[in-house]
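Notes follow the structure.
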Amino acid sequence: MLIPSLSNRYGAERCIAERFRPASIECVTDGPSGADEPSCVQPGAGIGFLISQLGYVISTRFRAILAPLGLEPRHFLVLRHIARAEGSSQQALGQALHIPASRMVGLVDTLEQRGLVERRANPRDRRARALHLTEEGRRMLEEAWRIALGHERAVTAGLTGEERDQLFSLLRRLAFARELVPGVHPALADEE
381 MLIPSLSNRY
391 GAERCIAERF
401 RPASIECVTD
411 GPSGADEPSC
421 VQPGAGIGFL
431 ISQLGYVIST
441 RFRAILAPLG
451 LEPRHFLVLR
461 HIARAEGSSQ
471 QALGQALHIP
481 ASRMVGLVDT
491 LEQRGLVERR
501 ANPRDRRARA
511 LHLTEEGRRM
521 LEEAWRIALG
531 HERAVTAGLT
541 GEERDQLFSL
551 LRRLAFAREL
561 VPGVHPALAD
571 EE
């Protein structure tokens with residue numbers, strides 16, 4: 381099977397598997413899983429590497445397709461969470477997303493300056509400000525969702541529905557085992 385985006389680069393007649401066939405593969409019989417069958421390991425082609433490689437390509441592409449909207453993935457995430465918990469405080473949003481308060485202020489400031497979010501007086505706590513999407517923020521979020529759903533379909537193109545569900549289930553198990561927060565990218569707190 382040829383991968384269209386790579387077939388032009390390496391020649392349409394070559395199969396990607398042949399192009400990247402390793403010169404030698406080290407087989408280990410007692411790997412970390414304790415399985416009786418050998419697991420073949422090739423440096424730079426293990427599961428961790430493939431996940432990292434795909435993650436880079438997927439996140440780079442997502443960033444590129446959001447760019448025409450003037451949004452970054454972190455803005456999309458914040459807009460999504462404000463829409464889910466309309467009226468919550470900036471502090472509560474930062475805690476839910478595991479974003480330090482100083483970083484959260486900058487993110488909300490950016491979205492407010494763009495007219496996507498507004499801070500309103502909080503009727504339950506006069507010291508806190510309640511976050512709300514503006515009409516423009518709702519429109520932007522709807523468009524970003526449309527783009528994100530198309531991106532998700534592109535990411536899993538070539539998989540059957542059953543394969544997609546199986547992949548999702550396995551990745552979710554790995555994320556859970558590492559105590560990752562569902563829907564929150566750990567690098568979000570690191571981004572400027």
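Just remember that my numbering sits 380 ahead of the position in the sequence shown, which is counted from 1.
Just so you know, even glycine gets a beta-carbon here, dropped at the ideal spot from N, CA and C.
The structure presented is a predicted model; accordingly, all values stated were derived computationally and were not measured.
CB-CB length for residue i against residue j, believed under 8 Å
{"i": "LEU496", "j": "GLY467", "result": "In fact, because the Cβ distance is near 16 Å, the residues do not count as touching under 8 Å."}
{"i": "ALA508", "j": "SER469", "result": "4 Å"}
{"i": "LEU521", "j": "LEU473", "result": "Actually they do not touch by this definition, with Cβ atoms about 15 Å apart."}
{"i": "LEU529", "j": "LEU539", "result": "About 16 Å; that fails the 8 Å criterion."}
{"i": "HIS531", "j": "ARG443", "result": "Not a contact, Cβ separation roughly 10 Å."}
Identity of the residue in the options nearest residue i by Cα
{"i": "ALA534", "options": "ILE445, PRO503, ARG504 and HIS461", "result": "ILE445"}
{"i": "ILE462", "options": "THR440, GLY428, ILE438 and ARG500", "result": "ARG500"}
{"i": "VAL576", "options": "VAL437, LEU434, HIS455 and GLY486", "result": "Absent from the structure is residue 576, since the part of the chain shown begins at 381 and ends at 572."}
{"i": "ALA364", "options": "ARG519, LEU554, LEU511 and GLU543", "result": "Because the chain here runs from 381 to 572, residue 364 falls outside it and cannot be looked at."}
{"i": "GLU559", "options": "LEU491, PHE442, ILE438 and HIS478", "result": "HIS478"}
{"i": "ASP489", "options": "ARG441, LEU430, LEU513 and THR440", "result": "LEU513"}
{"i": "LEU568", "options": "ALA447, LEU487, GLU532 and ARG553", "result": "LEU487"}
{"i": "LEU449", "options": "SER439, ARG483, ARG494 and GLY435", "result": "ARG494"}
{"i": "GLY428", "options": "VAL561, ALA555 and PRO562", "result": "ALA555"}
For residue i, three-class secondary structure by DSSP
{"i": "HIS512", "result": "strand"}
{"i": "SER339", "result": "Lying before the first or after the last residue shown, residue 339 is absent from the chain, which here runs from 381 to 572."}
{"i": "THR440", "result": "helix"}
{"i": "ARG558", "result": "coil"}
{"i": "ALA524", "result": "helix"}
{"i": "ILE479", "result": "coil"}
{"i": "HIS455", "result": "helix"}
{"i": "ALA567", "result": "helix"}
{"i": "ARG552", "result": "helix"}
{"i": "LEU359", "result": "The first residue shown for the chain is 381 and the last is 572, placing residue 359 beyond what the model contains."}
{"i": "VAL485", "result": "helix"}
{"i": "ARG518", "result": "helix"}
{"i": "ALA537", "result": "coil"}
{"i": "ALA463", "result": "helix"}
{"i": "ASP545", "result": "helix"}
{"i": "ALA425", "result": "coil"}
Identified DSSP bridge partners for residue i
{"i": "ARG499", "result": "LEU511"}
Any non-hydrogen atom of the ligand MG closer than 7 Å to residue i Cβ
{"i": "PHE456", "result": "Only the bare structure without any ligand can be found here, which leaves the ligand MG out of the picture."}
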